[in-house]
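Student: Below you'll find the structure I mean.
Number of protein chains: 2
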Amino acid sequence: MAKITSQISISLDGFAAGPNQSLDNPLGEGGEGLHEWALASEAWRRQHGYEGGEAGPDSEVVEETVEGIGAYIMGRRMFGGGEGSWDPEWRGWWGEDPPFHVPVFVLTHHPREPLAMEGGTTFNFVTGGVGAALERAREAAGDGDVAVAGGASAIQQYLAADLLDELYLHIAPILLGGGERLFEGVGDPKLEPIKVVGSPAATHVKYRVVH
Amino acid sequence: MAKITSQISISLDGFAAGPNQSLDNPLGEGGEGLHEWALASEAWRRQHGYEGGEAGPDSEVVEETVEGIGAYIMGRRMFGGGEGSWDPEWRGWWGEDPPFHVPVFVLTHHPREPLAMEGGTTFNFVTGGVGAALERAREAAGDGDVAVAGGASAIQQYLAADLLDELYLHIAPILLGGGERLFEGVGDPKLEPIKVVGSPAATHVKYRVVH
Chain V
1 MAKITSQISI SLDGFAAGPN QSLDNPLGEG GEGLHEWALA SEAWRRQHGY
51 EGGEAGPDSE VVEETVEGIG AYIMGRRMFG GGEGSWDPEW RGWWGEDPPF
101 HVPVFVLTHH PREPLAMEGG TTFNFVTGGV GAALERAREA AGDGDVAVAG
151 GASAIQQYLA ADLLDELYLH IAPILLGGGE RLFEGVGDPK LEPIKVVGSP
201 AATHVKYRVV H
Chain S
1 MAKITSQISI SLDGFAAGPN QSLDNPLGEG GEGLHEWALA SEAWRRQHGY
51 EGGEAGPDSE VVEETVEGIG AYIMGRRMFG GGEGSWDPEW RGWWGEDPPF
101 HVPVFVLTHH PREPLAMEGG TTFNFVTGGV GAALERAREA AGDGDVAVAG
151 GASAIQQYLA ADLLDELYLH IAPILLGGGE RLFEGVGDPK LEPIKVVGSP
201 AATHVKYRVV H
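Sequence lines, in order, name chains V and S. Numbering (this note's numbering) for the first sequence: 1 to 211. Numbering (this note's numbering) for the second sequence: 1 to 211.
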């Protein structure tokens, strides 16, 4: 059966973003260090239209995180634009050909017509909450998995509702000292490590959520 | 050259002990879950005089954590007895034959004569702070490594003083939701993962501290 998965980078002290997040600096201070392992990889660069990058375990993890995904769910801040600065002209952070290539369901309070981009990505705006977004994403994904793309708040909501089946953590070897914690308000999910991949840049641990 | 190492179990949300720690419950609520991976292992059981237990990666990690250690340093709470309830009759939590088998240097504010136990363990009480304890432990260890045995507060002090060379984290797949965080007040050490071992019970990541 298709799974509901998620993957996110966190610091060794548990933050998914650094302190003083803002619209200009959505990752917070030092937060770019969370993603260095991915950005340096061959797979990430290729997926985003660049050449070069490093092969190896981190690149293989990047490949793995997009395999078999039929639809994404995304929080409104990840799509972009704050609640108070919602811009109907906003088309996401990723240019005209976003790296999703499947339907994306954006959690929001603002109804908006679907936004079809190049390369197979369509942003759909769902105002009915996490359950409604999941229902629509499942239907769109068919036999594929549904991935909760982030941010931390969206993942927290799906964990708290016990709707996630797998959580793939990328633990960056940095300390942020403050910011947005991933594991807050998530209840008490039962997690079981089912895969570990290590590199000098990050430790990747895939957890199965035992329902 | 001999290294200064440390190893500790933390929850996935970063706690080295659960909420509401007390002298009666030094691990805090739920904190026993941090150590299940070790307690179930054949190596831990053998080291502590019991039979049985599971072989496998967790047991190998337990073996590895005692290899080559010539002396330990330990915080006063790990040795036992609070600052206000210091008991000169207290001989530690481990019975007459503690599982260290080398000199142990206890950080304390209370001078006390060395306490020789069976099996090679001697508890030495050091009132001069982390630097003085390290100097004495190095001398006692000879060519062996010095291990900071814990608790979290002792490890934090050695990390903050940039005196640790390696930190071996055992990340238990549990959320404690509160308690004593490992990575607080440790400054900004530069950490590099050098080894990863996974099992269903824990993810073990060894970090080198880049000085």
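Ideal placement from N, C-alpha and C gives every residue a C-beta, glycine not left out.
Our contact map puts glycine 30 of chain V next to leucine 176 of chain V with C-beta atoms below 8 Å; I'd like the distance itself, whole angstroms only.
Tutor: Confirmed, about 5 Å.
Student: Would you kindly check if the distance between the Cβ of alanine 160 of chain V and the Cβ of glycine 131 of chain V is under 8 Å?
Tutor: It is not a contact, given that the beta carbons lie outside the stated cut-off.
Student: Would you mind giving the Cβ-Cβ distance between proline 103 of chain V and threonine 127 of chain V, rounded to the nearest angstrom? I have them listed as a contact below 8 Å.
Tutor: Contact flag wrong, Cβ pair sits at about 16 Å.
Student: Counting pairs of beta carbons, one from the stretch 67–74 of chain S and one from the stretch 33–49 of chain S, are three or more of them closer than 8 Å?
Tutor: The stretch 67–74 of chain S is not in contact with the stretch 33–49 of chain S.
Student: Less than 8 Å between CB atoms is the rule here; does valine 66 of chain V satisfy it with respect to chain S?
Tutor: By this cut-off, valine 66 of chain V is not an interface position.
Student: What three-state label does DSSP hand aspartate 145 of chain V in the structure shown?
Tutor: Note: aspartate 145 of chain V maps to strand in three-state DSSP.
Student: Is valine 210 of chain S buried or exposed, if buried means 16 or more other CB atoms sit within 10 Å of its CB?
Tutor: Label assigned to valine 210 of chain S: exposed.
Student: Do you know offhand how far aspartate 143 of chain V's Cα is from lysine 206 of chain V's?
Tutor: Taking the straight line joining both Cα atoms gives about 21 Å.
Student: Are tyrosine 168 of chain S and glutamine 7 of chain S touching if we call contact CB-CB under 8 Å?
Tutor: Yes, they are a contact pair.
Student: Do alanine 133 of chain S and leucine 115 of chain S come within 8 Å of each other at the CB atom, strictly closer than that value?
Tutor: No; because the gap between Cβ atoms is not below 8 Å, this pair is not in contact.
Student: Specify, as a first and last residue, the run of the beta strand (DSSP E) that methionine 1 of chain S falls within.
Tutor: Taken as a continuous stretch (DSSP letters only), methionine 1 of chain S belongs to no beta strand (DSSP E), as it is neither H nor E.
Student: If the cut-off is 9 Å on Cβ atoms, which residues from the stretch 167–194 of chain S count as contacting chain V, listed in chain order?
Tutor: Residues passing the 9 Å Cβ filter: Leu169, Ile171, Pro173, Ile174, Leu175, Gly177, Arg181, Leu182, Phe183, Glu184, Val186, Gly187, Asp188, Pro189, Lys190, Leu191, Glu192, Pro193, Ile194.
Student: I want to verify the contact list: residues of chain V whose CB lies under 8 Å from the CB of threonine 203 of chain S, in sequence order.
Tutor: The answer, in chain order, is Pro193, Val196, Thr203, Val205.
Student: With distances taken from CA atoms, which of V:Asp162, V:Gly129, V:Pro173, V:Leu191 is nearest glycine 75 of chain V?
Tutor: When each option's Cα is compared against that of glycine 75 of chain V, the closest is V:Gly129.
Student: If you count every other CB in all the chains shown that lies within 10 Å of the CB of valine 148 of chain S, and 16 or more means buried, which is it?
Tutor: Label assigned to valine 148 of chain S: buried.
Student: Which first and last residues belong to the beta strand (DSSP E) in which arginine 208 of chain V is found?
Tutor: Where arginine 208 of chain V is concerned, the enclosing beta strand (DSSP E) stretches over 203–210.
Student: At least one CB of chain V closer than 8 Å to the CB of proline 19 of chain S: is that the case?
Tutor: Output row for proline 19 of chain S: interface = no.
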